[in-house]
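Here the sequence shown is numbered in the numbering used here, starting from 6 and rising by one per residue.
Backbone N, C-alpha and C define an ideal beta-carbon position, used for all residues, glycine too.
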Amino acid sequence: MNTSPPPDPRSSQAFLAKSPLPLQFAGLLLLTVLTGWGFSPHRHLHALAWTHLPQDMKEAWGGSPERLVRWATQADARKHLDSLEGARHYLDLDDLDTLFTSHGKPAVWGMSWGIYKQSIFEIDSLTSPRIHGVLPWQLEWSYRRLVKAMASNDSTTCELDNVIRAAADLGHYLADAHVPLHTSGNYDGQRSGQRGIHALWETQAVEAQLHTRTCPCLHLTSFEAVEGMPYDPVWTPWDILKDSHALVEDVFQAEKEWQNMVANNGWRMRTRGRTLAMLPSLQALAAWDSLTHGHTWPRFCTTADHIARAWHAAWMEAGQPHMAASIERDVGLPRWLLYLQRRWKRGKVAGPDLQLKSNHATSSLHLDP
Ligand SMILES: [Zn+2]
Numbered sequence: 006m007n008t009s010p011p012p013d014p015r016s017s018q019a020f021l022a023k024s025p026l027p028l029q030f031a032g033l034l035l036l037t038v039l040t041g042w043g044f045s046p047h048r049h050l051h052a053l054a055w056t057h058l059p060q061d062m063k064e065a066w067g068g069s070p071e072r073l074v075r076w077a078t079q080a081d082a083r084k085h086l087d088s089l090e091g092a093r094h095y096l097d098l099d100d101l102d103t104l105f106t107s108h109g110k111p112a113v114w115g116m117s118w119g120i121y122k123q124s125i126f127e128i129d130s131l132t133s134p135r136i137h138g139v140l141p142w143q144l145e146w147s148y149r150r151l152v153k154a155m156a157s158n159d160s161t162t163c164e165l166d167n168v169i170r171a172a173a174d175l176g177h178y179l180a181d182a183h184v185p186l187h188t189s190g191n192y193d194g195q196r197s198g199q200r201g202i203h204a205l206w207e208t209q210a211v212e213a214q215l216h217t218r219t220c221p222c223l224h225l226t227s228f229e230a231v232e233g234m235p236y237d238p239v240w241t242p243w244d245i246l247k248d249s250h251a252l253v254e255d256v257f258q259a260e261k262e263w264q265n266m267v268a269n270n271g272w273r274m275r276t277r278g279r280t281l282a283m284l285p286s287l288q289a290l291a292a293w294d295s296l297t298h299g300h301t302w303p304r305f306c307t308t309a310d311h312i313a314r315a316w317h318a319a320w321m322e323a324g325q326p327h328m329a330a331s332i333e334r335d336v337g338l339p340r341w342l343l344y345l346q347r348r349w350k351r352g353k354v355a356g357p358d359l360q361l362k363s364n365h366a367t368s369s370l371h372l373d374p
């Protein structure tokens, strides 16, 4: 008897089986389609978010972003081991709007997990409530996990490793929530003949700018600025998803125009890491940036801002604990991490080191039972 689970429609194998693209494209997309911002952008985002944290919080979290950066993509890696992991990275808002409207139900935006589950059950009792993704609720659960990881009591002390792992996951899911195509059932253009759009938006377009651009000063030293945009573990995720989803239509329209522009002359063999792959040329990516009104880089900077605010809000809620550093592992840093380390030490990852000062009110929370 075959006991292997049914193929996840978002799995790389399922994608490759259906892919009409040449093998080199498939190999590239195997790495990029399902990884949120892509491995490199995820790591840069965590490094950038770290630079926004106040100094006392950096010291409380061990004084170094290396493990946060190292574990920035652990959530994606878990997809290969845990069948429940994939749904944590997206929410198909368009499909849910159609589904809920056709059954006379209110919009899903802002719904608690309990009410959402009940609504899905009423529509089809055989459908898993996870089928369209659980990202906004996962962000709330991940935030609570991070606060809990920092809470010690008389019989337990908090472990820095657990805190950093929880923070890395929260940052990862938050980053995914900023990607427009993580809010659509047509997440890789598979319904509209636009396969590859996912990697184009969140990996290729970002990587083309990572080494030349920096993010503007976010003025987080200003008490007013922080008070004007505090991180709320329940509502901020929904706001982020709404902003991401508002870009979906423009992204698909831009890709159609872009394909017409670059069809015959927009692709080059380029090295990516240690591999040679057929990728959009830098000129083609510049055209893509223009067609999308340059929204990729500001979205990248906003993502790092939200990650920093979420980490900081959780730390404040936990009472600003100072974690004892766990024993450092005797491992050499991989080359990509050494490279990032050099960049953030030179201030290339972000603007000046910034201070967050705020007090956050604790929101009422609806947790997964
Ligand atoms: Zn992801």
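Query	Result
For Ile136 and Glu254, the rounded distance between their alpha carbons	22 Å
From Ser130, Gly109, Arg273, residue whose alpha carbon lies closest to that of Met283	Arg273
Identified DSSP bridge partners for Trp272	Pro285
Extent of the continuous alpha helix (DSSP H) run through Leu86	Element bounds for Leu86: n/a, residue is neither H nor E.
Burial state of Ser227, where buried means 16 or more other Cβ atoms lie within 10 Å	In this prediction, Ser227 scores a pLDDT of 37, lower than 50, which makes its location untrustworthy; the coordinate-derived value is nonetheless stated afterwards. That one is exposed.
Nonlocal neighbours in the same chain, by C-beta distance under 6 Å from Thr297, ignoring five residues either side	Ala259
Thr280 to Trp146 span [Cα, whole Å]	37 Å
Three-state class that DSSP yields for Thr106 in the structure shown	helix
First through last residue of the alpha helix (DSSP H) which encompasses Arg135	Arg135 -> no alpha helix (DSSP H), and no H or E assigned at all.
Segment contact flag, the stretch 80 to 95 with the stretch 111 to 129, C-beta cutoff 8 Å, min 3 pairs	no
Among Thr78, Ser286, Ala309, Leu287, nearest to Ala171 - alpha-carbon criterion	Thr78
Other residues of its chain near Pro134: CB distance less than 7 Å, five sequence neighbours each side excluded	Tyr121, Lys122, Ile125
Separation of Ala251 from Asp99, as counted between CA atoms	11 Å
Which of helix, strand or coil DSSP assigns to Ala323	coil
Residue from Leu73, Gly324, Trp206 whose Cα sits closest to the Cα of Ala289	Trp206
Option in Glu71, Ala315, Leu73 with minimal Cα separation from Leu239	In the sequence as presented, Leu is not what sits at residue 239; that position holds Val. The option with the nearest alpha carbon to Val239 is Ala315.
Contact test: Tyr192 Cβ vs ligand 1 heavy atom, cutoff 8 Å	no
Same chain only: Cβ atoms within 6 Å of Trp42, ignoring 5 sequence neighbours per side	Ala180, Glu207
Tyr178: CB within 8 Å of a non-hydrogen atom of ligand 1	yes
Presumed contact (8 Å Cβ cut-off) between Pro141 and Leu96, rounded CB distance	6 Å
Simplified DSSP state of Thr297, which is helix, strand or coil	coil
Beta carbon of Ala292 nearer than 9 Å to that of Trp263	yes
8 Å contact criterion, which Leu86 and Ile169 should meet: CB distance rounded	So it is not a contact: roughly 20 Å between Cβ atoms.
Between the CA atoms of Val256 and His300 - distance to the nearest angstrom	10 Å
Closer than 8 Å: Ala80 CB and nearest ligand 1 heavy atom	yes
Distance between Thr56 and Tyr236 (C-alpha atoms, nearest Å)	17 Å
Thr217 in three-state terms, based on DSSP	coil
Helix, strand or coil at Thr280 [DSSP, three-state]	strand
Cβ shell of Pro326 (< 6 Å), same chain only, five flanking positions each side left out	Met155
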